[in-house]
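No gaps in the numbering here: position 202 of the sequence shown is 201 in numbering that gives the first Met the number 0, and each next residue is one more.
Glycine included, C-beta positions come from ideal geometry on N, C-alpha and C.
Scroll down for the structure; my scribbles are underneath it.
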Amino acid sequence: MSHTNGSIKAIMYALGANGGIAVAKGLAAWYTGSGAMLAEAIHSFADCANQVLLLIGLRRAKRPVSEEHPLGYGKAIYFWSFIVALMLFSMGGMFSIYEGVHKMLHPEMPTSPWVAVAVLAVSILLEFGSLKGALNEVNKVKGKRSLARWFKVSRQSELIVVVGEDIAALLGLSLALAAVLLTIVTANPFFDALGTMAIGVVLVLVAVTLGIEVKSLLIGESADPETVSAMRDFLSGRSEVAEIYGLITLQLGTELMVAVKGRMQQQGTATELIDDINRVESELRGAFPQIKWIFFEPDVKD
């Protein structure tokens, strides 16, 4: 399965779970008047919109190269992922904080709060299923790296966003459930308002973290360190190559651009040199199929 197909599968897991959860939360928020429930409903609707944006981004990233964009549109997914982070910050986080402050200033006990508890409990189970599906796709690409290490070095912004959203959703649901239960036990709506604000803070922190990671990809990042190291070892091990002076990689969505500067072993005719370079490029593409563009500059010194 390609990285893109794995990402689409993870997004569809999340969209399917969040669609049903959003409707249930919205109805429960309307029925109970719970601020924490409303914050979670807004969060889920924002997540649904975000996942649609990610699907749009993946589709647009597949457009063919053009004169205006000679390296293709692969980085389009980074733009849409950044928009998702902005929406999570504004529609999810800031709105929840605002709603929490409003509930704090105008306290009101939720109606039939056990309805909210039931919806939140079911939502947690569904969200666990969504996160499990996303992590299954992550496990296919992260190798032996820990989840934290994968998050730091991964260049698949759409998968990073889906996992981040799912984790934020579980944290938000847990906070909402705790807030509603405390409100029931104490008969004090303060906890409902506090839970609403806490959900907003969690969403803001997750959105900022995602935004920072995606910003780096949007500006331009190399392939992950393990891939760069493997490429350097591959080139150094070729009989045609005497020395590698420089290796530059640029991640463009699911594809890579690679530029190499090196000294070739054989200093024969121009035709022989070209044949050697073409052979090295072909073998490099075979070893690293994510490479779409290779630029090899032969030289005799750095």
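Going by C-alpha positions, VAL179 is about 13 Å away from MET196. A distance below 7 Å separates the beta carbons of GLU136 and ALA9. The criterion of a C-beta distance shorter than 7 Å is satisfied by ASP191 and THR182. Bounds of the alpha helix (DSSP H) holding THR208 are 189-218. Sorting GLY171, ASP298 and LEU87 by C-alpha distance to the C-alpha of THR208 places LEU87 at the top.
In this structure, the alpha-carbon of PRO288 lies about 20 Å from that of ALA75. Judged by DSSP in its simplified three-state form, LEU70 adopts coil rather than helix or strand. In this structure, the beta-carbon distance from LEU174 to GLY194 falls below 7 Å. Exclusion of the five residues before and after VAL114 leaves ALA27, TYR30 and THR31 as the residues of its chain whose Cβ lies within less than 7 Å of its Cβ. If you draw a straight line from the Cα of ILE198 to the Cα of LEU52, it comes to about 23 Å.
When DSSP states are grouped into helix, strand and coil, PRO224 belongs to the helix group. Taking a C-beta distance under 7 Å as the contact criterion, ARG262 and GLU239 do not qualify as a contact pair.
In the structure shown, the three-state DSSP call for PHE287 is coil. Around the beta carbon of ASP223, 16 or more other beta carbons lie within 10 angstroms, which makes this residue buried. Counting of Cβ neighbours within 10 angstroms places ILE247 among the exposed residues, the total staying below 16. Unbroken alpha helix (DSSP H) runs of no fewer than 4 residues, entirely contained in the stretch 3-74, are found at 34-60, following chain order. CA-CA distance, SER80 to ILE218, rounds to 13 Å. Closest in C-alpha terms to SER129, from the list PRO63, ALA35, VAL160 and GLY15, comes GLY15. Under DSSP, GLY261 takes part in a beta bridge, and its partners are ILE243 and PRO297.
Around the C-beta of GLY267, fewer than 16 other C-beta atoms lie within 10 Å, and the residue is accordingly described as exposed.
GLU254 and MET103 have their C-alpha atoms roughly 49 Å apart. One alpha carbon belongs to ILE159, the other to LYS143, and they sit about 17 Å apart.
In the three-state reduction of the DSSP assignment, GLU136 falls in the helix class.
Here the alpha carbon of LEU124 sits roughly 10 Å from the alpha carbon of LEU172. Remark: C-beta atoms of ILE20 and SER95 do not approach each other more closely than 7 Å. Rounded to the nearest angstrom, the gap between the Cα atoms of MET90 and VAL140 is 31 Å. Distances from the CA of PRO188 to each of VAL100, GLY285 and ILE55 were compared; the closest alpha carbon is that of VAL100. With respect to GLY73, GLY252 sits close: the two C-beta atoms are nearer than 7 Å.
Inclusion of PHE295 and ILE276 in the CB contact set at 7 Å is warranted, their separation being smaller than that value. In this structure, TYR244 is the residue among GLU98, TYR244, SER228 and ALA84 with its C-alpha nearest to the C-alpha of LYS260.
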